[in-house]
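Residue numbers for the sequence shown follow numbering that gives the first Met the number 0, so the first one is 0 and each next one is one higher.
Remarks on the structure that follows.
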Amino acid sequence: MSISKHRISFALLCLALILLCGCSEEMEVHTRGMDRTYLVVEAMLTDRGDLPQRVLLTESVDYFEKELPPAVTGAKVSVSDGVDTWQYTETPSGSGCYIGPEGFHGTPGVTYRLSIDALVGGESNHYEAVSTMEEAGFRVDAVDYMYAGNATMKLDSLWTIAAWGQDYPGTSYYYISAMLNDAVFPIGVSLAMDDKYFDGQTVVGFPITTLYQTDATRKQYGECGKYLETGDVFTLNVYTIPKDYYEFYMGFVSSSVGAAIPMMQSQPANCPTNVTGGNAVGYFVACSSSSASVTIEDPFRPYYKKLFDLFPKQ
Numbered sequence: 000m001s002i003s004k005h006r007i008s009f010a011l012l013c014l015a016l017i018l019l020c021g022c023s024e025e026m027e028v029h030t031r032g033m034d035r036t037y038l039v040v041e042a043m044l045t046d047r048g049d050l051p052q053r054v055l056l057t058e059s060v061d062y063f064e065k066e067l068p069p070a071v072t073g074a075k076v077s078v079s080d081g082v083d084t085w086q087y088t089e090t091p092s093g094s095g096c097y098i099g100p101e102g103f104h105g106t107p108g109v110t111y112r113l114s115i116d117a118l119v120g121g122e123s124n125h126y127e128a129v130s131t132m133e134e135a136g137f138r139v140d141a142v143d144y145m146y147a148g149n150a151t152m153k154l155d156s157l158w159t160i161a162a163w164g165q166d167y168p169g170t171s172y173y174y175i176s177a178m179l180n181d182a183v184f185p186i187g188v189s190l191a192m193d194d195k196y197f198d199g200q201t202v203v204g205f206p207i208t209t210l211y212q213t214d215a216t217r218k219q220y221g222e223c224g225k226y227l228e229t230g231d232v233f234t235l236n237v238y239t240i241p242k243d244y245y246e247f248y249m250g251f252v253s254s255s256v257g258a259a260i261p262m263m264q265s266q267p268a269n270c271p272t273n274v275t276g277g278n279a280v281g282y283f284v285a286c287s288s289s290s291a292s293v294t295i296e297d298p299f300r301p302y303y304k305k306l307f308d309l310f311p312k313q
């Protein structure tokens with residue numbers, strides 16, 4: 000099935016599903032009339048040794064609570080492959096963000112177990128989650144941007160992000176996120192998808208998502224919510240994920256309220272989880288990755304003006 004037949008419809012689907020406009024943050028889980036406190040886990044182990052491996056731990060908050068969810072601090076966090084165990088360190092102290100040892104990364108084909116000992120809701124508990132890292136299903140060769148103007152839907156600024164690469168044969172599921180300089184886009188404003196429209200095909204200049212930035216998002220999300228400037232580095236990350244994490248993400252989206260950011264502001268029981276051992280939501284996923292970066296030259300470069308300079312028409 001040719002990608003050219005589906006480019007327009009799938010691009011519109013991507014545009015409807017995602018507006019990339021945030022930076023690194025915890026998942027916020029709100030429950031209406033909550034009678035218990037949940038541990039909220041956001042944990043991803045990748046095959047990249049040049050990036051830190053992170054586990055974010057927070058407590059759930061009531062649906063009508065306006066304050067940010069409290070960080071779960073002082074926890075003992077580790078990841079094991081059944082032979083070796085790597086201890087994570089809370090960085091910075093009191094943040095609820097736990098970082099693996101420098102250079103630590105996963106290996107495709109290996110199963111990993113996340114272990115957490117934490118005080119949640121005033122009670123100590125032990126939590127675990129297991130995930131197997133799959134081989135990469137997609138190779139990103141390049142990424143580029145096009146300024147789409149500010150007239151559509153009265154947006155302040157809108158960029159289209161296009162990708163070049165190769166999808167490998169066989170059904171694969173992907174989690175697509177990004178970085179602007181050193182700021183990592185969070186789960187609530189990223190994208191999950193499968194490869195049924197381009198399985199085994201070469202992808203050329205495919206408009207995979209959009210970058211939507213306003214003054215409000217800049218104030219809320221900081222670095223990766225700001226307007227693009229000359230010298231900024233935008234990185235597209237494509238993670239090959241297991242089907243169960245894809246189903247978690249789709250449940251995560253469907254349980255959120257409209258297009259609320261951050262997401263997951265309704266009953267967490269509607270969303271699957273692989274974390275066991277107590278009242279917990281969220282997910283631990285081990286995933287292989289591929290990425291490409293582009294340095295912003297002219298933030299307002301007209302749409303498609305230089306889109307095909309990297310790769311001539313094939």
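Glycine included, each C-beta is placed from N, C-alpha and C at the ideal position.
Nothing here was measured: the structure is a model prediction, and the numbers come from that model.
- Between the C-alpha atoms of Asp193 and Phe251 there is a straight-line separation of about 16 angstroms.
- As a beta-bridge residue in DSSP terms, Gln212 pairs with Ser156.
- Counted as a single uninterrupted DSSP element, the beta strand (DSSP E) harbouring Arg53 occupies residues 53-58.
- Annotation for Asp155: Asn149, Gln212, Thr213, Asp214 place their beta carbon closer than 7 angstroms to its own, counting only its chain and skipping 5 residues before and after.
- For Arg138, the three-state secondary structure derived from DSSP is strand.
- Here Glu41 carries a strand assignment [DSSP, helix/strand/coil].
- DSSP, read as helix, strand or coil, puts Asp243 in helix.
- It is roughly 16 angstroms from the alpha-carbon of Tyr172 to the alpha-carbon of Asp46.
- Only residues of its own chain outside the window of five on either side were considered, and among them Trp85 have a CB closer than 6 angstroms to the CB of Pro100, listed in chain order.
- As computed with DSSP, Cys96 is found in a beta bridge with Leu55.
- With respect to the 8 angstroms criterion, Thr72 and Glu89 are classified as neighbours on the basis of their beta carbons.
- Shown here, Arg112 sits in a strand according to DSSP, grouped into three states.
- The Cβ atoms of Val54 and Ala42 lie closer than 8 angstroms to each other.
- Between the C-alpha atoms of Tyr111 and Val202 there is a straight-line separation of about 31 angstroms.
- Looking at Thr159, Phe283, Glu133, the one whose alpha-carbon comes closest to that of Leu235 is Thr159.
- For Phe205, DSSP records a beta bridge to Ala162.
- Apart from the 5 residues on each side of it in sequence, Arg300 sits with its Cβ closer than 8 angstroms to the Cβ of Tyr144, Met145, Tyr146 in its chain, given in chain order.
- Per the coordinates, the alpha-carbon of Ala177 lies some 26 angstroms from the alpha-carbon of Ser92.
- Under the DSSP assignment, Phe283 falls in the beta strand (DSSP E) whose first and last residues are 279-294.
- The three-state secondary structure of Gln219, taken from DSSP, is helix.
- Secondary structure of Phe184 (DSSP, three-state): coil.
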